[in-house]
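Here the structure comes first, spelled out in structure tokens, and everything after it is commentary.
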Amino acid sequence: MTTIGVGIQSQQQALDALTNMTENVQAISYDEYLQRIEHAQTYMKQHNIAAIYLNAGTNLTYFTGMKWYASERMVGAILPAEGEVQFIAPTFEVGTLLDYQEIKGPIHTWQEHESPYKLFAVVLVELGITDNADIGIDESTAFFIFDGIRQAAPQHTWINADQVTAYCRMHKSAHELSLIQCAMDMTLAVHKATASMLHEGITTTEVEAFINAAHKKVGATGNYFCIVLFGEASSFPHGVKEPQTLKQGDVVLVDTGCKVEGYLSDITRTYVFGAPSQRQRTMWQHEKNAQVAAFNAAKIGKPCGAIDDAARNYLTSVGLGPDYNVPGCPHRTGHGIGLDIHEWPYLVRNNPQPLQAGMCFSNEPMLVIPDEFGIRLEDHFYMTEAGPRWFTQPSYSIDDPFGLNT
């Protein structure tokens, strides 16, 4: 018997049933930031990388704890292969920068009329990096910053710093896994509450507002993102412009997440409001089977691309696809997750990256049935030496997606 659309409770009742789930959360410690820096510097020495630039954003946060958003003004840090982190920022931001610093280090400042890129070059010289050296640039750095830096110090070889940042960040520590687990648990609770309060005539906009309030109730600042789709709109993986109104027989797709100490959740549930049709049942089960095939293929040492192959091979065997054709799965099977909603590594065809302990992935080989509906079941798993482990229990069935009747 379906649990969706039977008027279980009102929005207020659903919110009242939720409680704060963050009471035992512990932030990343000072010592952990130092360990991350040491890990990166060891790798840089082994690969003759003299320094990397960390632009405002998640790479800066990961290594230094500094939370700062990228803008037209250069704010970041130089992480040398040896020595302490060197910060670069506008002079008028120093007071705020000091307030946000976790890892301390010299702050090199520039006035509004001065060039931060020339300052960058000066800091390299002060660090003893004067000859032609390999310098990594944070892969998320805006081109205008990179262009300014390379013109200020043309003698160096400029490389993508992702060989350092991705190398460090794709292997999550036990603490990082616990933060992601907390965020996932919170979002799953929000999903269950959302399904319990749906009613005919509710709009996707109203559901999004409820999910935001529910995330706050479990301890988040609100939604990090939220996609709610009804009916045919669910066949568009990332949504449509106009809101929809729920009616009997609609496929409901909800994809949302929140942050805990900067670490993200990202869960999608798809079910039917009312009684599913046979076609909806069949396609839902194919999606479920493809997700299971991907999970079962995850083995330490296997390439990431093999996980995508497993999901796609199943779908091809039942007449969906092939490849990225629809009806079928039009995108990769999964992405990494951590401080960014999409980060390394990716479960995509031909990715040779071997699976290793501490890597985290979404598992979402979505089915798109054009002009009808879409089915996306998205849960995340992390790799251990013994194999993959789910962060959240996947959907049980189209009639009982949250296992409430098991």
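Residue numbers (numbering that gives the first Met the number 0): 0 to 405. C-beta atoms are modelled at their ideal positions from N, C-alpha and C, and glycine is treated no differently.
Under a three-way DSSP split, which group does residue i fall into?
i, result
"THR2", "For THR2, the pLDDT reaches just 49, beneath the cut-off of 50, and the residue's location in the model is therefore unreliable, leaving the point undetermined."
"TRP409", "With the chain covering only 0 through 405, there is no way to say anything about residue 409."
"ARG375", "coil"
"TYR270", "strand"
"TYR99", "helix"
"ARG331", "coil"
"CYS257", "coil"
"ASN54", "strand"
"MET382", "strand"
"ARG72", "coil"
"ASN295", "helix"
"ILE306", "helix"
"ILE7", "coil"
"THR90", "helix"
"THR154", "Residue identity differs from the one stated: residue 154 is Gln in this sequence, not Thr. Coil at GLN154, not helix or strand."
"GLN243", "coil"
"GLN25", "coil"
"ILE36", "helix"
"VAL189", "helix"
According to the Cβ coordinates, are residue i and residue j closer than 8 Å?
i, j, result
"PHE360", "HIS379", "yes"
"ASP307", "ARG348", "yes"
"MET183", "PRO344", "no"
"ALA152", "ALA173", "no"
"LEU408", "GLY300", "Past the boundaries of the shown model lies residue 408; the chain is included only from 0 to 405, so the question cannot be answered."
"LEU366", "PRO326", "yes"
"GLN243", "THR202", "yes"
"GLY82", "LEU126", "yes"
"VAL259", "LEU178", "yes"
"GLY56", "SER114", "no"
"TYR223", "ILE397", "no"
"VAL163", "ALA39", "yes"
"PRO393", "LEU314", "no"
"ALA141", "HIS155", "no"
"GLN85", "TYR116", "no"
"THR391", "ALA356", "no"
"LEU118", "LEU78", "no"
"GLU207", "LYS246", "no"
With residue i and residue j assumed to form a contact (beta carbons below 8 Å), what rounded beta-carbon distance in angstroms separates them?
i, j, result
"ALA80", "MET20", "Contact flag wrong, Cβ pair sits at about 41 Å."
"ASP137", "ILE36", "With 8 Å as the limit, ASP137 and ILE36 do not qualify as a contact, their Cβ atoms being about 15 Å apart."
"GLY104", "ILE87", "That pair is no contact at about 10 Å."
"PHE294", "PRO387", "6 Å"
"HIS107", "VAL122", "5 Å"
"TYR381", "LEU176", "6 Å"
"THR255", "CYS225", "4 Å"
"SER195", "GLN34", "About 42 Å; that fails the 8 Å criterion."
Are the C-beta atoms of residue i and some chain C residue less than 8 Å apart?
i, result
"ASN349", "Any reference to chain C falls outside this structure, which holds one protein chain only."
Taking three-plus beta-carbon pairs below 8 Å as touching, is the segment 249-264 in contact with the segment 221-232?
yes
Contact between the segment 21-38 and the segment 55-72 (3+ Cβ pairs under 8 Å):
yes
With a cut-off of 8 Å, do at least 3 Cβ pairs link the segment 283-301 to the segment 371-378?
yes
Say whether the segment 97-105 touches the segment 9-17, bearing in mind that this needs 3 or more beta-carbon pairs closer than 8 Å, one atom from each stretch.
no
When you compare the segment 323-334 with the segment 294-309, are there three or more beta-carbon pairs, one atom per stretch, that lie closer than 8 Å?
yes
Counting beta carbon pairs with one atom in the segment 256-273 and one in the segment 176-191, are three or more of them shorter than 8 Å?
yes
Entirely within the segment 338-378 and at least 3 residues each: give me those beta strand (DSSP E) ranges in chain order.
342-346, 359-362, 366-368 and 372-374
Those runs of the alpha helix (DSSP H) which lie wholly inside the segment 96-149 and span at least 4 residues:
115-125
What beta strand (DSSP E) runs, 3 residues minimum, are completely inside the segment 197-238?
224-229
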